[in-house]
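S.K.: Below you'll find the structure I mean.
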Amino acid sequence: MKILYISPDYPKPNKGSNIYTDLAVALINNNHKVKVVVAEEKKNIDCTKLFAERRLSVLRVKTGNLYEVGFIEKTITFLRVSYDLIKAIKNNYDKDKFDLILFSSESVNSVLESILI
1 MKILYISPDY PKPNKGSNIY TDLAVALINN NHKVKVVVAE EKKNIDCTKL FAERRLSVLR
61 VKTGNLYEVG FIEKTITFLR VSYDLIKAIK NNYDKDKFDL ILFSSESVNS VLESILI
């Protein structure tokens, strides 16, 4: 099965792993073809770029900053992140056909908390 996995947090291999990386690796181990898309703050990445990590393709999408920034920048980033991800997916995977799209949705409380803090 060809899977597009939109992950809220996908650490680089040298930064460890989490439940999101574990799921992607488990899917690969079960002979699925997985492509991961993850938002990266612009303070951590120069441009949107494809990487080969953990035996799969990871598209790290440059977005605005969400953490340790002012309320206005955080709000603008929050409102644009979906647009940035969709644009990057269309630019990089437009010809790909996926059998399944997986994504994780944060709870309303954590979204509000990330905006207000």
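For what it's worth, my numbering labels the leading residue of the sequence shown as 1, then goes sequentially. Virtual Cβ for every residue (Gly too), placed ideally from N, Cα, C. Model, not experiment: these values are computed from the prediction.
Please state if the CB of LEU100 and the CB of ILE3 are separated by a distance shorter than 7 angstroms.
M.R.: In the sequence shown, counting from the first residue as 1, residue 3 sits at position 3. In the sequence shown, counting from the first residue as 1, residue 100 sits at position 100. Contact flag set, yes.
S.K.: Straight-line CA distance for PHE103 to LYS74?
M.R.: Your numbering for residue 103 matches position 103 in the sequence shown. Your numbering for residue 74 matches position 74 in the sequence shown. Going from the Cα of PHE103 to the Cα of LYS74 covers about 21 angstroms.
S.K.: Short check: CB of ALA39 to CB of THR63, under 7 angstroms?
M.R.: The sequence position of residue 39 within the sequence shown is 39, counting from 1. The sequence position of residue 63 within the sequence shown is 63, counting from 1. Cβ distance < 7 angstroms, so ALA39 and THR63 count as in contact.
S.K.: What alpha helix (DSSP H) runs, 4 residues minimum, are completely inside the stretch 17 to 52?
M.R.: 19 to 29
S.K.: Give the straight-line distance between the Cα atoms of GLU53 and GLY16, rounded to the nearest whole angstrom.
M.R.: One-based indexing of the sequence shown puts residue 53 at position 53. One-based indexing of the sequence shown puts residue 16 at position 16. Answer to the nearest angstrom: the Cα atoms are 12 angstroms apart.
S.K.: Is ARG55 helix, strand or coil by DSSP?
M.R.: As a working note, residue 55 is residue 55 in the sequence shown. It is coil, neither helix nor strand.
S.K.: Does DSSP put PHE78 in a helix, in a strand, or in coil?
M.R.: As a position in the sequence shown, residue 78 is number 78, starting the count at 1. Three-state DSSP puts PHE78 in a helix.
S.K.: What first and last residue would you give for the beta strand (DSSP E) that runs through LYS2?
M.R.: Here residue 2 refers to the residue found at position 2 of the sequence shown. It spans 2 to 7 - the beta strand (DSSP E) in which LYS2 sits, taken as one unbroken run.
S.K.: What's the C-alpha gap between ASN18 and VAL58?
M.R.: Mapped onto the sequence shown, residue 18 falls at position 18. Mapped onto the sequence shown, residue 58 falls at position 58. Cα to Cα, the separation comes out at about 15 angstroms.
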